[in-house]
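Peer 1:
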Amino acid sequence: MALVAGSYEKFIWGFSLKTLTPLFSYPSHTAPIKCAAAAGPLAASGGADDAVHIYHLPSSSDAGSLVDHSAAVTSLSFFCSPSAPSIPRNLVSGSDDGVVCIFDADPFVLLKTVKAHKKGGVADLAVHPSGRLALTVGRGDSSLVMVNLVRGRRSFSCRIENEASVVKYGGENGDWFAMASEGKITVHNSEDARVLQELDCGRKVLCIAPGESGILYTGGEDHHVTAWDTKSGKKAFSIQDAHKFRVKGLMSFKGSDSPKLIASASSDGVIRVWDINMASSTEKWTPLLETDTKSRLTCLAGTSLRFFWVLGYGHVRNLVESTALIDPSLHFVIARFCWSLVR
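In UniProt numbering, the protein residues as written are 1 to 343.
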C-alpha cells in the first residue's frame, strides 16, 4: 500500500501506507503539481508545466513523461479492468484548455484526444468502473460532460446550476456520482443523473473520496474530514480539526488489506492516516500515522502494492487478464507467481 502526494514546490512524494516512511521524492515537474493518481504499481502526476509524469512504485523510479497536453494538467485517473484490478489498463487526463487525453497504460501511448469543454478547462474528471465513460466538470463553462472512452468522443453535456470543482464515482459498480460546488455536494444517480442527496458542508469543499457502504468523505477549508451517508444525506461522523490548515487531498482505502483506513493531506504539508473504527469510540481522534513533508501539498493519491511488475509488465497484464476470464479466482494466484519470477 502506498500514498503519493504532489506539492506546489514541484516535488512528488511517495510513502508506505503502513509506516508512512518515504519511498521517494522527486523534483519531477518544472511548475507546481496540480493532480496525482495511482493504481497497482504505477502512479502519475500532472502539473502546470503541461506534463504528466509516470512513476514505477516498486522501484521508486521515474518512468518517463507524457507531453501531449498544451495546458496545465488538472486531473488524472487510472482505469483497471474488473478482471485484473491490480493492473492499470488506461490513464485518462484532463487539462486547463478543456482537452481530455486517453492513454494506453502499457505502453503509454496516446489513443485519443477529446475536446470535452469548448469554453473552459477541465476542473476534474472521474472514470466509471466499467471504463466505458468518464465524467468531467468544467472550469469557466459550468458544465458537466460525459466522454465516451470506447469511441473517444464527447457524448453528452449539460449546464449545471453551480460550477463544480470536483467529481467522483461511488458505489461498487459506479451506481452514483458526486459533485462538489463550493460548500455543497450533490449526489446523483449514474443512470439518469437524478439528484439523490444534497449535502451542505458549510465551507468550500476541496476534495472528496468515496468509501464503502455508501460513505462519502469530504475535506476542505473547514479543516475537518467528514463522512457522509449518501443514502440518508446525514453526517456519519466527523474528524474535527483533522488538520490545522485546508485539507487538500483524501484517500479511502478499501479491501481486507486496509480495513477502515483513510488518509488526508493538508496545505501545510502534513499527511495523516486515520482508523475509522475510532468513530464508534468516545475518545478524541488521533491519527494512526503522521508525516510532515514541509511543503505545500496540492493533491493525494493511493494504491495497493500487493503485486509488482518490474519488466514485461504488458505480458503479465495479458496473462493475468486472460486467466481471470476463465476463472477470476486465479487472478491473484497468477499475479503472485509472476511477481515471484521477477523479484
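All C-beta atoms, glycine included, are put in the ideal place defined by N, C-alpha and C. Predicted, not measured: the structure shown is a model, and the values here were computed from it.
Relative to the C-alpha of residue 166, which candidate in 177, 159, 173, 172 has its C-alpha closest?
Peer 2: Among 177, 159, 173, 172, the Cα nearest to that of residue 166 is on 177.
Peer 1: Using C-beta distances below 7 Å, list every residue in its chain close to residue 31, excluding the 5 sequence neighbours before and after it, in chain order.
Peer 2: Closer than 7 Å at the Cβ level, and outside the excluded window around residue 31, lie 10, 47, 48, 49.
Peer 1: In its own chain, which residues sit with a C-beta less than 7 Å from the C-beta of residue 150, not counting the 5 before and 5 after it?
Peer 2: The residues are 132.
Peer 1: Determine the DSSP secondary structure at residue 179, reduced to helix, strand or coil.
Peer 2: Correct three-state label for residue 179: strand.
Peer 1: Select from 192, 137, 64 the residue whose C-alpha is nearest the C-alpha of residue 95.
Peer 2: If we check each option's Cα against that of residue 95, 137 comes out closest.
Peer 1: Just to confirm my understanding: we take residue 124, look at its own chain, exclude 5 residues before and 5 after, and list those with CB closer than 6 Å. What are they?
Peer 2: Result list for residue 124: 75, 137, 166, 167, in chain order.
Peer 1: Just grab the DSSP bridge partners of residue 144 for me.
Peer 2: The partner list for residue 144 (beta bridge, DSSP) reads 137, 158.
Peer 1: Give every residue of the same chain whose Cβ lies closer than 6 Å to the Cβ of residue 4, excluding the five residues on either side of it in the sequence, and list them in chain order.
Peer 2: Here the set comprises 14, 36, 38, 43, 301.
Peer 1: Would you tell me roughly how many angstroms separate the C-alpha atoms of residue 118 and residue 193, rounded to the nearest one?
Peer 2: Rounded to whole angstroms, residue 118 to residue 193 spans 22 Å at the Cα level.
Peer 1: According to DSSP, which residues form a beta bridge with residue 210?
Peer 2: Residue 210 is bridged to 216.
Peer 1: Give me, in chain order, the residues of the same chain whose beta-carbon lies closer than 6 Å to that of residue 139; leave out the 5 immediate sequence neighbours on both sides.
Peer 2: Contacts found: 120, 121, 123.
Peer 1: Leaving out the 5 sequence neighbours to the left and right, which residues in its chain are closer than 8 Å to residue 20 when beta-carbon positions are compared?
Peer 2: Cβ within range, chain order: 3, 271, 273, 289, 290, 291.
Peer 1: Rounded to whole angstroms, what's the CA-CA distance from residue 250 to residue 72? Just pull it up for me.
Peer 2: When rounded, the distance between both Cα atoms is 22 Å.
Peer 1: Spatial neighbours of residue 8 within its chain, please: C-beta separation below 6 Å, excluding the five flanking residues on both sides.
Peer 2: Closer than 6 Å at Cβ, skipping near neighbours: 32, 296, 298.
Peer 1: Mind checking residue 153: buried by the 16 CB within 10 Å criterion, or exposed?
Peer 2: Looking at its Cβ environment, which holds fewer than 16 other Cβ atoms inside 10 Å, residue 153 is exposed.
Peer 1: Count the other C-beta atoms from every protein chain shown that fall within 10 angstroms of the C-beta of residue 135, then say buried if there are 16 or more, exposed otherwise.
Peer 2: Under this definition residue 135 is a buried residue.
Peer 1: Could you round the C-beta distance between residue 208 and residue 180 to whole angstroms and report it? I think they count as a contact, below 8 Å.
Peer 2: Yes, residue 208 and residue 180 are in contact; Cβ-Cβ is about 6 Å, under 8 Å.
Peer 1: Kindly indicate the opening and closing residues of the beta strand (DSSP E) around residue 95.
Peer 2: That run of the beta strand (DSSP E) goes 88-95.
Peer 1: Roughly how many angstroms separate the alpha carbons of residue 242 and residue 226, rounded to a whole number?
Peer 2: If you take the alpha carbons of residue 242 and residue 226, they lie about 9 Å apart.
Peer 1: Start and end of the beta strand (DSSP E) containing residue 198?
Peer 2: Segment 195-200, the beta strand (DSSP E) holding residue 198.
Peer 1: Exposed or buried, which one is residue 267 when buried takes at least 16 other CB atoms within 10 Å?
Peer 2: By the neighbour-count rule (16 or more Cβ atoms within 10 Å), residue 267 is buried.
Peer 1: Throw me the rounded Cβ distance for the residue 77 and residue 127 pair, which I believe falls under 8 Å.
Peer 2: Yes, residue 77 and residue 127 are in contact; Cβ-Cβ is about 5 Å, under 8 Å.
Peer 1: Could you compute how far the alpha carbon of residue 293 sits from the alpha carbon of residue 83?
Peer 2: Approximately 36 Å between the Cα atoms of the pair.
Peer 1: How big is the Cα-Cα spacing for residue 69 and residue 281?
Peer 2: The straight-line gap from Cα to Cα measures roughly 48 Å.
Peer 1: Just the C-alpha distance for residue 320 and residue 24, rounded to the nearest angstrom, thanks.
Peer 2: Note that residue 320 scores 47 on pLDDT, short of 50, meaning its location in the model is unreliable; the coordinates nonetheless yield the value given after this. When rounded, the distance between both Cα atoms is 28 Å.
Peer 1: Sorted by chain position, which residues of the same chain lie with C-beta nearer than 7 Å to residue 104's C-beta, five sequence neighbours on each side aside?
Peer 2: Excluding sequence neighbours, residue 104 sits near 90, 111.
Peer 1: Sort 217, 80, 22, 98 by Cα distance to residue 401 and report the nearest one.
Peer 2: The chain is shown only over 1 to 343; residue 401 falls outside these bounds and no answer can be derived.
Peer 1: Measuring straight from C-alpha to C-alpha, what distance separates residue 88 and residue 169?
Peer 2: C-alpha separation (whole angstroms): 17 Å.
Peer 1: Can you tell which of 157, 186, 101 has the C-alpha that lies nearest to the C-alpha of residue 197?
Peer 2: Nearest of 157, 186, 101 to residue 197, Cα basis: 186.
Peer 1: Please specify which runs of the beta strand (DSSP E), each continuous and at least 3 residues long, are wholly inside the stretch 31-112, giving them in chain order.
Peer 2: Complete beta strand (DSSP E) runs here, min 3: 33-39, 42-47, 52-56, 61-66, 73-80, 88-95, 99-105.
Peer 1: Taking residue 347 as the reference, give the member of 66, 205, 220, 171 with the closest Cα.
Peer 2: This structure does not reach residue 347, given that the chain is present from 1 up to 343, and the question cannot be answered.
Peer 1: Do residue 244 and residue 220 count as a contact pair if the criterion is CB distance below 8 Å?
Peer 2: Result no, Cβ atoms of residue 220 and residue 244 do not sit closer than 8 Å.
Peer 1: Cβ atoms of residue 100 and residue 92: under 8 Å apart, would you say?
Peer 2: Yes, they are a contact pair.
Peer 1: Could you tell me the distance, in whole angstroms, from the CA atom of residue 60 to the CA atom of residue 53?
Peer 2: In a straight line, the C-alpha of residue 60 is about 13 Å away from that of residue 53.
Peer 1: Can you tell which of 210, 232, 228 has the C-alpha that lies nearest to the C-alpha of residue 252?
Peer 2: Nearest option by C-alpha distance: 210.
Peer 1: Which of the three DSSP states, helix, strand or coil, is assigned to residue 269?
Peer 2: Note: residue 269 maps to coil in three-state DSSP.
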